[in-house]
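Asks: Residue numbers (our numbering): 634 to 808.
Virtual Cβ for every residue (Gly too), placed ideally from N, Cα, C.
Since the structure is predicted, the reported quantities are computational estimates derived from the model, not experimental observations.
Structure provided below as C-alpha cells; questions to follow.
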Amino acid sequence: MNTFRRSLFLFSMFVFMTLTLFCKERPTTVERVNLNFYAGTWYEIALFPNRFEKGCSCTSAEYSLTGKGYVTVINRCMRGGKQTSITGKAFVVKNSGNAKLKVQFFWPFRGDYWILGLANDYSWALVGSPNRKYLWILARERVLDEKIYDSIVQLAREKGFDTSKLVRTMQDCTH
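Okay, structure coming up:
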C-alpha cells in the first residue's frame, strides 16, 4: 500500500509540474487602445526573428482606419536592396478594449496581435502573441532612447517573454 501511495504521489507531482510548464498564463494586454491615436506609421525597433521578416531592414508598419470594421495594415521593409511591402487587415477582438487584434495577410489565416504595452503618448508599443512566439518593439521614430528601450524590454520580461531572443532592427535606411 505504501508503494502505491508513493507512486500515486509521484505521478500527481509529475502531472502538476507538466501542467505548470505547459499552461502558462497568457500575457496581459493594455486595458484600452484608441485606434485613432494608434493609426499611422510605426517603426520596428526590435523583434523576435521570424520567417516572414527574414532579411528585412528598415521595417515599418502603417495602420489606417477604414470605417469598414477593420484596420488596413501595410508592412514595409528593405530586402535585398529593394523595398517590399504587404497589405493586410486587422480585426479588433470583441471586448478587448481594442488591445487584441487578429491580423490577416493571407485569407483565411489570421494571427494574434496583442498590444502588451503602450506609451501614454503613443510614442512606443510592445506587441506580441499570447503564445509568446512573436514579439515586436515599435516606435514612432526610427530610433528609440536607450532608457526607454530598456524599460520596454523589462516589461516584456515581466510578461514572460524570453527577451534574450530580441534582435534589433537595422533602421539606417540611407544605403
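1) Please determine, among R665, R659, S690 and Y671, the residue with the shortest C-alpha to C-alpha distance to R715.
2) Would you decide whether W740 is buried or exposed? Buried here means 16 or more other CB atoms lie within 10 Å of its CB.
3) Below 6 Å CB to CB, which residues in the same chain sit around V725 once its five sequence neighbours on both sides are set aside?
4) I need the straight-line Cα distance from S729 to V666, nearest angstrom please.
5) Counting pairs of beta carbons, one from the stretch 698-705 and one from the stretch 784-800, are three or more of them closer than 8 Å?
6) Measure the alpha-carbon distance for K792 versus R801 and round it to whole angstroms.
7) According to DSSP, what are the bridge partners of W740?
8) Do L777 and W747 count as a contact pair if the criterion is CB distance below 8 Å?
9) Looking at the structure shown, is T720 part of a helix, part of a strand, or coil, going by DSSP?
10) On the premise that L771 lies in contact with E677, defined as a C-beta separation below 8 Å, what is that separation, rounded to the nearest angstrom?
11) When DSSP labels each residue in this structure, what does A752 get in the three-state scheme?
12) Can you tell which of E658, T661, F670 and Q737 has the C-alpha that lies nearest to the C-alpha of Y755?
13) Mapping the DSSP letters down to three states, classify L652 as helix, strand or coil.
14) DSSP puts A679 in a beta bridge; with which residues?
15) Can you name the start and end residues of the alpha helix (DSSP H) that V786 belongs to?
16) Grab the span of the alpha helix (DSSP H) containing N669 for me, first residue to last.
17) Below 8 Å on the Cβ atoms is my guess for G761 versus L749; work out the distance and round it to an integer in Å.
18) Could you check if T661 is buried or exposed, using at least 16 other CB atoms within 10 Å of its CB as the buried criterion?
Replies: Short version:
1) The sequence shown places Lys at residue 715, rather than the Arg named in the question. When each option's Cα is compared against that of K715, the closest is S690.
2) exposed
3) N731 and L734
4) 9 Å
5) no
6) 19 Å
7) DSSP output for W740 lists no bridge partner at all.
8) no
9) strand
10) 6 Å
11) coil
12) F670
13) Interpretation of L652 is limited by its pLDDT of 36, a score under 50 that renders its predicted location unreliable; the figure taken from the coordinates is listed afterwards. It is helical.
14) I770 and R801
15) E779 to E791
16) L668 to Y671
17) 5 Å
18) exposed
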